[in-house]
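Before any comments, here is the structure.
Chains as they are written, first to last, in the working numbering: chain G, 1 to 342; chain S, 1001 to 1348; chain D, 2001 to 2077.
Shown next as structure tokens:
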């Protein structure tokens, strides 16, 4: 279900809403893979932090921001991308990395801080860089938007139709860099798709307390670009909005913004007791994956056997990646100052 | 080891006289000619030619696709430079005044400088960030700073600070060709601008054709035996003025032009202080917690017994730079303060 | 003998005076046609001056000197 905040400035689209059955199953598969991964990381992260909770302890130390509940955004958007397109993500990047095709082993090795990781253990879970898929992420709110502009600029010059997808949260939409980026991308008609994951919470501050407007899709109009808001964490709504936005960008028609009202199923970070969240007990009832599974079953696109196959395949891939990471060497402390400069 | 610069070409080159700004532009033009992925963006760099003449003539020569005026959005356009560099282009991005780093520092130090390391060397950011620094013309506290100590302090970016036209050209060429982020800081007072009081050495011989000056190597601007003055940028010229003026009294001053802060040529500092035993540091950045302290620490870390007398630091005291001319010139490290420091060092 | 003339930068006030801001060549140097020889300034506008012909240049004014637009600043023979 989509609402359009501003009239589309691109050429007329064919009737939206219908999603090919194969695509629907693939969307489900992607979401299951993302969730399976996050559940495994959750398990590994907490396995050795006790007694109590020592954040610096264990095989996966540090902050951990998991994306459970936000899979529809990753699945719906990345379905329209190839590995030649760029994605910049936030401190909560795993679902986007997976949906965009990042190598699970090297990603996991990086999260486990191993020498075989994407960053040789120097980046960690918030700083996953994968040149093979033009993927990057950053822990600084809203600051992933500007580099996406640069990737889009290079793509525009090369003329191959590649696009850059820049993802932030609804809290980031109040940061200066967000606004600068929308204006500059619009002014230079850069092939960017701005995605805002509105999960209602900027850590503990709800959008109602931080944002002066009802929808960041409305803000797109302030910069002269189309804005769409997708409600209900609806993966097919995301798919539909992203199809239009990506097509616009590829056709040289400039940037668009998609805001998705999504759901942060777990805490801001692992260890977050979420005492500030009044609806916490209800949250799991809105899990988008069982809901979509139900939709596909009802439509005859999925049955028990297929669901089991999909879940088993996901589990196998995820556990393989985790085993690979655990068996990988830890970086040599003597190399700590290497790789500052090329 | 030798720290005296020799030209890159095997035979002496023809040279022509240029101001520092024209030399900088010549380097950019030669590289843009040679490499189509080089482009320049920033505020007023197009038709205006750069507020401090960093891009004069480039728009006419290369067109608006390669010399690009941006909106006032430093976070967005510096970030844009980063993304373009990650995708294999070679952007030169101008931060109009180093003083403006406050509005965009995150892209600079948390992104541009860290991406290579965080990616374990898998992602390069071959970008140049040019910026104007320095005071002396009453532009006040927010438009007169040097701040190279701050940039040099943050890991992951090279920092170069040319003082002469020849070095301005050679260092710019090196910066553009370097696969790392390089901050290129040019002092407004060495640019040779017709609308600002010039120092005589702002116009000087510049070799023709393309050549590089290595990043990370200081230059002996004047050989001497009694006292070492380690300095950079406009202060090199003031130090040379003082050296010339006291030479007649038998005070022989050696002037080291650092040229690069990251990497810092600690060997050059140690070789010179090892010879003279006396150190004066002249630094137009704020005194405490910065470059001048780092130069002193270089000696202290190696062997403080090299020093026969206490070190003299001639820097801007830890105050905002004042507007009124008399006040501004009381805080800048000019010839009078440099001379006093030199005399104190040799008397001790 | 060819004059090198201070360019007319201010068309509204042809009698306006400007400054010889920078010499890029020394007195008696050999220059080629189109070589950059000086930078001049009238109020806020600056301009480069190129040698109109090749030859030996004789400088007629000093750096920082005030010069009327249109008057000769050097001669080339």
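Cβ coordinates follow ideal geometry from the N, Cα and C atoms, glycine included.
Can you give the beta carbon distance from residue 1073 of chain S to residue 183 of chain G, rounded, assuming they're within the 8 Å contact cut?
Indeed, because the Cβ distance is near 7 Å, the residues count as touching under 8 Å.
Report all residues from its chain with a CB closer than 8 Å to the CB of residue 2027 of chain D; omit the five preceding and five following residues, and keep chain order.
Taken in chain order, the residues that qualify are 2057, 2058 and 2059.
What residues in its chain sit with their C-beta under 6 Å from that of residue 125 of chain G, if we drop five residues either side in the sequence?
Contacts found: 111.
How many angstroms separate the CA atom of residue 1304 of chain S from the CA atom of residue 335 of chain G?
One C-alpha to the other measures close to 30 Å.
Contact between the segment 186-199 of chain G and the segment 256-264 of chain G is defined here as three or more beta-carbon pairs at a separation below 8 Å; is this criterion met?
With a cut-off of 8 Å, the segment 256-264 of chain G and the segment 186-199 of chain G count as touching, because enough Cβ pairs lie within range.
For residue 1317 of chain S, is the classification buried or exposed, using 16 other Cβ atoms within 10 angstroms of its Cβ as the cut-off for buried?
Exposed is the call here.
By how many angstroms is the C-alpha of residue 1133 of chain S removed from the C-alpha of residue 14 of chain G?
With a pLDDT of 40 at residue 14 of chain G, under the threshold of 50, the modelled position of this residue cannot be trusted; read the value that follows with caution. Going from the Cα of residue 14 of chain G to the Cα of residue 1133 of chain S covers about 55 Å.
Using Cβ-Cβ distances below 9 Å, what residues of the segment 1187-1198 of chain S are close to chain D?
Cβ contacts with chain D: 1192, 1193, 1194, 1195 and 1198.
Nearest-angstrom Cα distance between residue 1257 of chain S and residue 1218 of chain S?
Spanning the two alpha carbons is a distance of roughly 6 Å.
Can you give, in chain order, each stretch of the alpha helix (DSSP H) that sits fully within the segment 231-282 of chain G and has at least 4 residues?
You should have 235-250.
Rounding to the nearest angstrom, what Cα-Cα distance links residue 140 of chain G and residue 2004 of chain D in this structure?
Those two C-alpha atoms are separated by around 58 Å.
So what's residue 328 of chain G in DSSP terms, helix, strand or just coil?
Reduced to three states, the DSSP call for residue 328 of chain G is coil.
Among residues of its own chain, excluding the 5 on either side of residue 1084 of chain S, which ones have a beta-carbon nearer than 6 Å to its beta-carbon?
Closer than 6 Å at Cβ, skipping near neighbours: 1091.
Quick check on the DSSP output: the alpha helix (DSSP H) that includes residue 2023 of chain D runs from which residue to which?
Note, residue 2023 of chain D: premise wrong, no alpha helix (DSSP H); beta strand (DSSP E) at 2017-2023.
In angstroms, rounded to a whole number, what distance separates the CA positions of residue 222 of chain G and residue 1314 of chain S?
Roughly 51 Å between the two C-alpha positions.
May I ask you to list the residues that DSSP assigns as paired with residue 2030 of chain D?
DSSP, once it has assigned bridges, lists D:2056 as partnering residue 2030 of chain D.
With a 10 Å radius around its C-beta and 16 neighbouring C-beta atoms as the bar for buried, classify residue 65 of chain G as buried or exposed.
Buried is the call here.
For residue 2046 of chain D, would you say it is in contact with chain S, using Cβ-to-Cβ distances shorter than 8 Å as the test?
Yes, residue 2046 of chain D counts as interfacial toward chain S.
Which value, in whole angstroms, describes the spacing of the CA atoms of residue 1214 of chain S and residue 1174 of chain S?
The straight-line gap from Cα to Cα measures roughly 7 Å.
Do you know offhand how far residue 1211 of chain S's Cα is from residue 1222 of chain S's?
Between residue 1211 of chain S and residue 1222 of chain S, the C-alpha separation is close to 22 Å.
Report back the beta-carbon spacing between residue 1321 of chain S and residue 1331 of chain S to the nearest angstrom; my notes put them in contact at under 8 Å.
With a Cβ gap of about 6 Å, residue 1321 of chain S and residue 1331 of chain S count as contacting.
Consider the Cβ of residue 1150 of chain S: report whether some Cβ of chain A lies at a distance smaller than 8 Å.
The structure shown contains no chain A; the protein chains it does contain are G, S and D.
Could you please give the first and the last residue of the uninterrupted beta strand (DSSP E) stretch that includes residue 108 of chain G?
Note, residue 108 of chain G: premise wrong, no beta strand (DSSP E); alpha helix (DSSP H) at 104-111.
Quick one: residues in its chain with C-beta nearer than 6 Å to the C-beta of residue 16 of chain G, no 5 flanking neighbours on either side, listed in chain order?
Because the pLDDT of residue 16 of chain G is 47, which lies under 50, any placement of that residue in the model is unreliable, and the question is left without a value.
At 4 residues or longer, and completely inside the segment 1001-1070 of chain S: list those alpha helix (DSSP H) runs for me, N to C.
The segment 1001-1070 of chain S contains these whole alpha helix (DSSP H) runs: 1020-1034 and 1058-1062.
Any chance the segment 267-276 of chain G sits against the segment 309-326 of chain G, with 3 or more Cβ pairs inside 8 Å?
No contact exists between the segment 267-276 of chain G and the segment 309-326 of chain G.
By a C-beta neighbour count over all protein chains shown, 10 Å radius and 16 as the cutoff for buried, is residue 104 of chain G buried or exposed?
So residue 104 of chain G counts as buried.
Within this structure, are the beta carbons of residue 2037 of chain D and residue 2045 of chain D separated by less than 8 Å?
No; because the gap between Cβ atoms is not below 8 Å, this pair is not in contact.
What residue does the beta strand (DSSP E) around residue 1184 of chain S start on, and which one ends it?
First-last of the beta strand (DSSP E) with residue 1184 of chain S: 1182-1187.
I need the straight-line Cα distance from residue 1229 of chain S to residue 1160 of chain S, nearest angstrom please.
Spanning the two alpha carbons is a distance of roughly 19 Å.
Compare the C-alpha of residue 134 of chain G against each of G:155, G:21, G:58 and G:235 and name the closest.
Checked all of G:155, G:21, G:58 and G:235; the closest Cα to residue 134 of chain G is G:155.
Taking a Cβ distance cut-off of 8 Å, strictly less, list which residues of the segment 202-224 of chain G are near chain S, in chain order.
Correct list: empty, as no residue qualifies.
Does the beta carbon of residue 1080 of chain S sit closer than 8 Å to a beta carbon anywhere in chain G?
With 8 Å as the cut-off, residue 1080 of chain S counts as an interface residue toward chain G.
For residue 1339 of chain S and residue 1242 of chain S, I'd like the C-alpha separation in whole angstroms.
The straight-line gap from Cα to Cα measures roughly 6 Å.
Around the C-beta of residue 7 of chain G, are 16 or more other C-beta atoms found within 10 angstroms, so that it is buried, or is it exposed?
With a pLDDT of 34 at residue 7 of chain G, under the threshold of 50, the modelled position of this residue cannot be trusted; read the value that follows with caution. Exposed.
Please classify residue 1148 of chain S: does DSSP put it in a helix, a strand, or coil?
Residue 1148 of chain S: helix per DSSP, three-state reduction.
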